[in-house]
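A short write-up of the structure that comes next.
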Amino acid sequence: MKESAKVQEALAILQQEGLTQKQIAQDTYQSYELVNKQTKGTRTMNKDVARHAIQTYQNYEFEQSILHEFSEGLASPVMGGPYVERHRMVLEEIAEMETRDVLRIINEVSLVKPPNACSKDERENVRRMMHELIEARVAIDNLLMVLERDYGLSVLEESQKVLKKLKSERRI
C-alpha cells in the first residue's frame, strides 16, 4: 500500500455527487488549496486522509477509486471514459460478457498439472486465464458500484453478510 497517491479521479466522483472542493477540504481536514491541487493532480493525498475520507463519504465508487490508486492497481478502477456509459444496464451487460469469457477460458485451460511441470504454452494459457479473471472482476466491481449508487444499497454491508455466511460454511 502506498503512503500517498494522486486522487483526482476519486475527487471528481465526489464533485459529480455535488460536493465542492471547499466542502471536501472541511470534511477531510485539509486546506482548500491542497484539495484544489489534489483535484488537479498536482498533489497527492496521504493514506490517513484517504482512510478518513472513505469513512466519511461511504461512497463505493469513491472508495474503489481511492483503493485503486493506493494499491497501485490491485483494486479495481472505476470504469469510465468515452466508450463506457456508467449506467447499470450497460455495466450489467459488460459484467455478463466478461463472465462468459471467464467461463469459456476456465473450460479451455487445464490446471491439473503441477505448476512446475507446465510447458511454456500451458503457462501462457494460465496467464490468459488470469487476464480474463481480472477483466471480469473489474466489470463486476463496477456493476456493484452502480447498484449501490442507484439502489441505495451498501456493498460494505452486503459484503459483511456474505463473509459471515462463508465463515459459517468454513469456506474462509
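Residue numbers for the sequence shown follow the working numbering, so the first one is 92 and each next one is one higher.
Every residue, glycine too, gets a C-beta built ideally from N, C-alpha and C.
Bridge partners - residue i, DSSP secondary structure assignment
i: A116; result: Note: A116 sits in no beta bridge, so no partner.
i: N137; result: S95
Where residue i falls: helix, strand or coil (DSSP)
i: A96; result: strand
i: M170; result: coil
i: N207; result: helix
i: N198; result: helix
i: E176; result: coil
i: Q129; result: helix
i: R261; result: coil
i: V150; result: It is Asn, not Val, that sits at residue 150 in the sequence shown. Coil.
i: S250; result: helix
i: E108; result: coil
i: L235; result: helix
i: S122; result: coil
i: E160; result: helix
C-beta atoms of residue i and residue j nearer than 8 Å
i: A291; j: Q155; result: With the chain running from 92 to 263 in the structure shown, residue 291 is simply not present.
i: K138; j: Y123; result: no
i: Y151; j: V253; result: no
i: R142; j: V237; result: no
i: S95; j: M136; result: yes
i: I225; j: F153; result: no
i: E213; j: K204; result: yes
i: A101; j: E184; result: no
i: L182; j: L234; result: yes
i: I231; j: A186; result: yes
Neighbour-count burial assignment, residue i, 16 or more Cβ in a 10 Å radius
i: E249; result: exposed
i: D241; result: exposed
i: M170; result: buried
i: I115; result: buried
i: Q129; result: buried
i: I197; result: exposed
i: E223; result: buried
i: Y120; result: exposed
i: Y148; result: buried
i: E239; result: buried
Chain-order list of residues whose beta-carbon lies under 8 Å from that of residue i (same chain, five-residue window excluded)
i: E163; result: K93
i: G132; result: K97, Q99
i: V209; result: According to the sequence shown, residue 209 is Cys rather than Val. Excluding residues within five positions, the ones whose Cβ falls inside 8 Å are V217.
Residues of its chain near residue i, where Cβ-Cβ distance is below 6 Å and the 5 sequence neighbours each way are ignored
i: A227; result: E189, T190, V193
i: I263; result: L257
i: N127; result: Q112
i: M220; result: I196, V200
i: D118; result: T147
i: P173; result: none
7 Å Cβ shell around residue i - same chain, five flanking residues per side excluded
i: R134; result: L125, K128
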